[in-house]
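Participant:
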Ligand code: NCC
């Protein structure tokens with residue numbers, strides 16, 4: 056199979072990946088008493104449409120980047136997991152429109168998901184690494200972490216905050232795009248929150264700027280900008296097929312290599328703007 060160009064890859068994304076979320080009409084949620092806690096519409100109907108969006112990876116290379124003002128100038132900003140803004144405003148900005156969290160963050164004791172104010176800004180979107188080719192009912196009974204138990208608790212405590220759960224088929228549709236476009240077999244684990252969040256924003260924004268997903272000249276083994284913990288696997292991947300994700304994003308980038316090097320910035324078009 057011929058290697059696709061960036062523009063062809065973008066069209067494949069648009070064609071084959073649909074960002075959807077769980078709604079109360081879907082079995083098994085339609086038969087569960089708490090199912091009505093799920094929002095009735097899709098996350099992509101709730102968000103935007105926005106002109107410009109920033110996706111802020113949690114990479115250590117954001118430290119001392121001074122990108123805060125640029126990030127805040129976007130109409131919407133997506134952040135990940137427990138990544139804070141307080142104390143790091145100069146480098147990562149202050150605005151949080153969407154926070155994408157994995158089910159591990161929701162469940163683990165040290166993140167205080169139910170009580171920490173870190174999660175109270177903007178719209179929450181959660182996901183859980185679902186088994187490949189399982190249906191919703193199978194996954195529901197065997198999630199990686201107790202995403203549904205925590206979701207119900209959070210909804211009761213914060214009923215006004217918009218909170219969505221990604222449909223697990225998004226993970227695997229995206230995984231298939233990665234695998235299809237790589238010469239070698241990749242690990243059968245879902246893509247990182249980074250790629251999921253990027254595609255979510257490409258579905259609701261005209262243009263997406265992704266920061267420090269492809270590392271700039273500030274590239275470092277510091278895992279996160281907000282923690283003193285060093286591990287190159289954070290940038291290169293271990294569980295997630297992160298290297299392959301980055302390879303795809305590099306190919307789809309409409310910005311220059313210099314922008315990556317200087318600012319850690321990648322420019323991706325909104326899927327609705329593509330003429331495929
Ligand atoms: O580290 P994490 O990701 O929260 O980072 C969010 C996204 O930013 C990109 N990233 C991060 C660090 C880095 N040096 N380079 C990067 O490119 C990645 O795209 C990443 O997805 C996750 O994907 O959800 C992940 O979550 C953490 C962890 O669960 C949370 O931070 C909560 O503590 C995972 N770490 C562990 O399980 C130990 C990580 O593997 C993936």
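Numbering (this note's numbering), first residue to last: 56 to 331.
Where a beta carbon is used, it is the ideal one built from N, C-alpha and C, also for glycine.
#1: Taking the alpha-carbon of residue 120 as reference, which of 323, 266, 245 has the nearest alpha-carbon?
#2: By Cβ distance, which residues of its chain are closer than 7 Å to residue 316, with the 5 residues on each side in sequence left out?
#3: Return no unless some Cβ of chain D is closer than 8 Å to the Cβ of residue 158.
#4: Is any heavy atom in the ligand NCC found nearer than 7 Å to the beta carbon of residue 115?
#5: Give the C-beta separation of residue 237 and residue 299 to the nearest angstrom, bearing in mind that I take them to be a contact with Cβ-Cβ under 8 Å.
#6: Is it buried or exposed for residue 331, if we count other Cβ within 10 angstroms and need 16 for buried?
#7: What is the DSSP secondary structure of residue 72, counted as helix, strand or coil?
#8: Comparing C-alpha positions only, which one of 125, 118, 145, 151 sits nearest to residue 132?
#9: Decide yes or no for the touch test of the region 227-236 against the region 279-292: beta carbon pairs closer than 8 Å, at least 3 of them.
#10: Buried or exposed: which applies to residue 165, given that a residue is buried once 16 or more other Cβ atoms fall within 10 Å of its Cβ?
#11: Taking only three categories from DSSP, how would you classify residue 154?
#12: Using the beta-carbon count (16 or more within 10 Å), is residue 212 buried or exposed?
#13: Count the other C-beta atoms from every protein chain shown that fall within 10 angstroms of the C-beta of residue 157, then say buried if there are 16 or more, exposed otherwise.
#14: Give the list of continuous alpha helix (DSSP H) stretches no shorter than 4 residues that lie fully inside the region 212-282.
#15: DSSP state of residue 309, grouped into three classes?
#16: Pick out the complete alpha helix (DSSP H) segments inside the region 67-147, 4 residues or longer, and give them in chain order.
#17: From residue 79 to residue 201, what does the alpha carbon distance come to, in whole angstroms?
#18: Helix, strand or coil: how does DSSP classify residue 181 here?
#19: Give me the residue from 296, 227, 144 with the minimum Cα distance to residue 239.
#20: Taking its Cβ as the centre, do 16 or more other Cβ atoms sit within 10 Å of residue 214, making it buried, or is it exposed?
#21: Are residue 103 and residue 307 touching if we call contact CB-CB under 8 Å?
Facilitator: Let me spell this out:
#1: 266
#2: 271, 272
#3: The structure shown has no chain D; it contains just one protein chain.
#4: yes
#5: 5 Å
#6: exposed
#7: coil
#8: 151
#9: no
#10: exposed
#11: strand
#12: exposed
#13: buried
#14: 224-235, 248-257
#15: coil
#16: 98-101, 123-127, 144-147
#17: 19 Å
#18: strand
#19: 296
#20: exposed
#21: no
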